[in-house]
Amino acid sequence: MRRTKTGVITSTKMQGTVTIKVTEYLKHPKYGKDIPVSKKFHAHTETPLEEGMTVTIEETIPRSKTVRWKVITTEE
2 MRRTKTGVIT
12 STKMQGTVTI
22 KVTEYLKHPK
32 YGKDIPVSKK
42 FHAHTETPLE
52 EGMTVTIEET
62 IPRSKTVRWK
72 VITTEE
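Residue numbers for the sequence shown follow the working numbering, beginning at 2 and rising by one.
In structure tokens, the structure reads:
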């Protein structure tokens, strides 16, 4: 089973690669409030995508120094 994450495309400036911002919510250990924690991932894609689209990415073998994910589904 490969890990999957859902996020929003923030950059499409690279050829064949997009940058995706994934936001997860963690509970504060003392106060119990949900705190947003975001991280950026580089993902490989064959189809042209636009910034602001919501996509699902899946972990794969390394394609380059920073690209370890690929886009599997897109939502508009």
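Heads up, the beta-carbon is just placed ideally off N, CA and C, and yes, glycines get one too.
Here the structure is a predicted model, which means the values were calculated and not measured.
- Under DSSP, G8 shares a beta bridge with V56.
- Residue burial is scored here from C-beta neighbours: G8 has at least 16 other C-beta atoms within 10 angstroms and is therefore classed as buried.
- Contact annotation: the region 47–59 touches the region 10–17, with at least three C-beta pairs closer than 8 Å.
- Nearest to T24 by C-alpha distance, out of K41, T18 and Y32, is K41.
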